[in-house]
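The block underneath contains the structure these notes are about, expressed in structure tokens.
2 protein chains.
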Amino acid sequence: MSQTLPSTPRADGFFMPAEFSPHRQTWMLWPQRPDTWRLGAKPAQKAFSAVACAIAQFEPVTVGVNHNQYANARAMLPPQVRVVELSSNDSWMRDCGPTFVINAQGQTRGVDWMFNAWGGLYNGLYFPWDLDEMIAQKVLEIEQVDRYRAPLVLEGGSIHVDGEGTCLTTAECLLSPGRNPHLSQQDIENYLKEYLNIEKVLWIPRGVYNDETSGHVDNLACFLRPGEIALTWTEDKSDPQYERSAEALEYLLSQTDAKGRKLTVHTIHQPGPLFLTAEEAEGIDAVAGALPRRAGERLAGSYINFYFCNGGVIVPTFDDPHDAAALTTLQRLLPERRVVGIPAREILLGGGNIHCITQQQP
Amino acid sequence: MSQTLPSTPRADGFFMPAEFSPHRQTWMLWPQRPDTWRLGAKPAQKAFSAVACAIAQFEPVTVGVNHNQYANARAMLPPQVRVVELSSNDSWMRDCGPTFVINAQGQTRGVDWMFNAWGGLYNGLYFPWDLDEMIAQKVLEIEQVDRYRAPLVLEGGSIHVDGEGTCLTTAECLLSPGRNPHLSQQDIENYLKEYLNIEKVLWIPRGVYNDETSGHVDNLACFLRPGEIALTWTEDKSDPQYERSAEALEYLLSQTDAKGRKLTVHTIHQPGPLFLTAEEAEGIDAVAGALPRRAGERLAGSYINFYFCNGGVIVPTFDDPHDAAALTTLQRLLPERRVVGIPAREILLGGGNIHCITQQQP
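Chains V and P supply the protein sequences, listed in that same order. To convert, take the position in the first sequence, counting from 1, and add 72; that gives our numbering. To convert, take the position in the second sequence, counting from 1, and add 72; that gives our numbering.
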């Protein structure tokens, strides 16, 4: 049975574990819409498949798909990846999927946040988003996991937790007028405390430059373990990313986590800078109500948008000179895991990366 | 993992257990199409919900639903019933769902028959049937059960097994030109032996009068236990059903089962006869390519179209003078189970009944 519970995770002793804690499986969605994904989403489908295959080496993977792509997804994905129908508007399981919480007895429940396509009628990326809004509930229903319905617009990519009481987020996103304009920063912090069962929120000012999610933290910075953070970086002071990364670094070094620890920050140099090519822009459908994609636009590329799975780390690569250093650094920082690079420019073209298209179920 | 296996259940030591054996759960689909179900399917949805609730007293139930009815199905069904997306053309899980097989070690696999909407372009009931055709695969994928793809058009409602080597079917249906006209009766029997792992097929000549499925056995006769069969019946020699039931009785009494046992046949008097009313016919959409429903048409009502679940028997009732006798007789014949009657005229109006809308997963 999957029931919608009237209480909150905090009240019931459930909390969101860190992504680097053990997973039961990974959830993904299948890319399809031709106004997000160029060339009828065929290159993106290949890239998503490569991500699913990489994760499946470490843990079970379920991919949700619209019915009219079911046969194609089933044919493109290997048999060890489970494919289920899950109607969606687009394919960002991190953002519309449930945030799973656990308790000390190892029971699992799910938080179903409100979803409005990264900004609703204010600055959302497409309309409608009715199917995405139902994804979390449907996932919990398939798994027969009880559900909390959080009265807050929030995407999973806008938060990270260390599993020990600390939440990492950006003010740019969580305080955006496209999310919860009726709530104060304190109100939002209180909701995060209730639904993630954390003690302290670290508010990095801004996310990655030109990130269409209003600056999701998961493209900028993440926990490697409690007390240690990885941060996307550039040495080029003329790059508009420079001041964003620098201000994040300064902020993080000035803070302590929920346990009172000072934070160690590891910088990972960004790829590129990367830009949308004319050929890539040409392959994308222009659709009323969806974000236009123009040749020459800066892409919000970052190696931080990687995904932890059981014993592994799946890292986006861009056929870029910085790829090797990013992979080497992450492998050095995470010696207990196997770091796997996956070519991910096609995912980036859709506006996110590997972390954005995955969701762990502990 | 759910793989499609190149072998057959018989080759691998798997067989179809009888419906009265223990179930892991029951699968159903959600009724929706307004050319099958009157008044926008609302009365049918109520009736299906009542069936799901009745079964859920005995075992878990999963209901598959098209995405545009997900919220409604979720709201109408109680929380203990699992709801998952499964796109379908109509709602007959018995006929388009998988036939589950087990082995001596209790492992489960599924047979995915070819489905052509009860007759394909010859005398099928609607077009297209592309989504129904994929239901079995999708169910097995959700459950991560390996799959056999049987090269035979067959609906689950056209066969019954006793779990001890005997299959019960009708020649009217399995030899219909709308199913497998290129195959001989012997060819079909060989496929049944391979995919159900049975030893003997009992070929009742015809099913229930005016049954739009070309005479599915599950509306006419079923095993109550090995060696014992229930058969729909009428005492009225002027009813066209009389000669069909009489010829079935004569045939069954002339046969032995796979174990060499003579068969005991219990007759259950049919309801009615029942006819489609003008008011009911009015509520059904006329759609090109779908079977028209005309006021005054004889309905293929039968109490035999009931469903075994763990410890229970869910029997259709029709607000008919014969209801009480049917329930009493079944309870007497099945004293080890609780017989539950569910008003099912709304299901019958769509062309089948409780057995047709359910599928057991052992």
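Ideal placement from N, C-alpha and C gives every residue a C-beta, glycine not left out.
Discussion item. For L348(V) and L421(V), what's the separation of their Cα atoms in angstroms?
Written reply: 7 Å
Discussion item. Within 10 Å of its beta-carbon, does H254(P) have 16 or more other beta-carbons around it, so buried, or fewer, so exposed?
Written reply: exposed
Practice prompt. May I have the straight-line CA-CA distance separating R365(V) from D107(V), to the nearest angstrom?
Written response: 9 Å
Practice prompt. Give me the Cβ distance between M165(P) and P151(V), rounded to the nearest whole Å; I'm assuming they're in contact under 8 Å.
Written response: That pair is no contact at about 24 Å.
Practice prompt. Take S317(P) and list the residues in its own chain whose beta-carbon comes closer than 7 Å to its own, dropping the five residues that flank it on each side.
Written response: L303, T304, W305 and T306
Discussion item. Under DSSP, the beta strand (DSSP E) around T238(P) begins and ends at which residues?
Written reply: T238 to T242
Discussion item. Rounded to whole angstroms, what is the Cα-Cα separation between S93(P) and V123(P)?
Written reply: 19 Å
Worksheet item: For the putative contact between T242(V) and I270(V), defined by C-beta atoms under 8 Å, what is the C-beta separation to the nearest angstrom?
Response: T242(V) to I270(V), Cβ: 16 Å. No contact.
Worksheet entry | Sequence-distant residues of its chain with Cβ nearer than 6 Å to R154(V) (five each side left out) | T134
Worksheet item: Ends of the beta strand (DSSP E) at T430(P)?
Response: From DSSP, T430(P) is part of no beta strand (DSSP E); its letter is neither H nor E.
Fill in: Three-state secondary structure assigned by DSSP to A116(V)
helix
Worksheet item: With C-beta atoms as the reference, is D392(V) less than 8 Å away from P415(V)?
Response: no
Worksheet item: Given Y314(V), which residues of its chain have a CB within under 7 Å of its CB, disregarding the five upstream and five downstream residues?
Response: T306 and D308
Item to complete: Look at the alpha carbon of R370(V) and the alpha carbon of G423(V), and state the distance between them as a whole number of angstroms.
Response: 11 Å
Discussion item. Strictly under 8 Å for the Cβ-Cβ distance: is M165(V) near chain P by that measure?
Written reply: no
Worksheet item: Closer than 8 Å, Cβ to any Cβ of chain V: which residues of the stretch 141-165 of chain P, in chain order?
Response: Y142, A143, R146, P151, Q152, R154, V155, V156, E157, L158 and S159
Discussion item. According to DSSP, T401(P) sits in a beta bridge with which residue or residues?
Written reply: In the DSSP output, where bridge partners are listed per residue, T401(P) has none listed.
Practice prompt. Kindly list, in the order they appear in chain V, the residues whose Cβ is closer than 7 Å to that of H139(P).
Written response: S159 and L203
Item to complete: For the stretch 110-127 of chain P and the stretch 210-226 of chain P, state whether three or more C-beta atom pairs, one from each stretch, are separated by less than 8 Å.
Response: no
Practice prompt. In the DSSP assignment, find the unbroken alpha helix (DSSP H) run with Q257(P) in it and report its ends.
Written response: Q257 to L268
Worksheet item: If D234(V) sits next to D329(V), beta carbons under 8 Å apart, how far is it from one beta carbon to the other, in whole angstroms?
Response: 6 Å
Item to complete: Output the boundary residues of the beta strand (DSSP E) element that contains Q97(V).
Response: Q97 to L101
Item to complete: Take P434(V) as the anchor and find which of L212(V), G196(V), P298(V) and L77(V) has the nearest alpha-carbon.
Response: L212(V)
Discussion item. What residue range does the beta strand (DSSP E) around A192(P) cover?
Written reply: Note on residue identity: the sequence assigns Gly, not Ala, to residue 192(P). Run containing G192(P): none in the beta strand (DSSP E); it sits in the alpha helix (DSSP H), G192 to N195.
Worksheet item: From this set, A145(V), G228(V) and A372(V), which residue's C-alpha is nearest T430(V)'s C-alpha?
Response: G228(V)
Item to complete: Output yes or no for whether 8 Å exceeds the beta carbon distance between T389(V) and D395(V).
Response: yes
Worksheet item: Just the Cα atoms here: how many angstroms apart are V387(P) and F130(V)?
Response: 47 Å
Discussion item. Below 8 Å on the Cβ atoms is my contact criterion, and I expect L193(V) with N161(V) to pass it. Report the Cβ-Cβ distance as a whole number of Å.
Written reply: Between N161(V) and L193(V) the Cβ distance is about 15 Å, and since that is not below 8 Å, they are no contact.
Discussion item. Residues of chain P with CB closer than 8 Å to the CB of Q216(V), please, in chain order.
Written reply: R154
Worksheet item: Per DSSP, T339(V) forms a beta bridge with which residues?
Response: L303(V)
Worksheet item: Of all Cβ atoms in chain V, is any one closer than 8 Å to the Cβ of S121(P)?
Response: no
Practice prompt. Count the other CB atoms, across all protein chains shown, that sit within 10 Å of the CB of S29(V); report buried if there are 16 or more and exposed otherwise.
Written response: Nothing about residue 29(V) can be read from this structure; chain V reaches only from 73 to 434.
Worksheet entry | Chain-order list of residues whose beta-carbon lies under 7 Å from that of E352(V) (same chain, five-residue window excluded) | R110 and L421
Worksheet entry | Any chain V beta carbon closer than 8 Å to E213(P) | yes
Worksheet item: Name the chain P residues that come within less than 8 Å of S74(V), Cβ to Cβ?
Response: P151 and R154
Worksheet item: From Y281(P) to Q342(P), what does the alpha carbon distance come to, in whole angstroms?
Response: 11 Å
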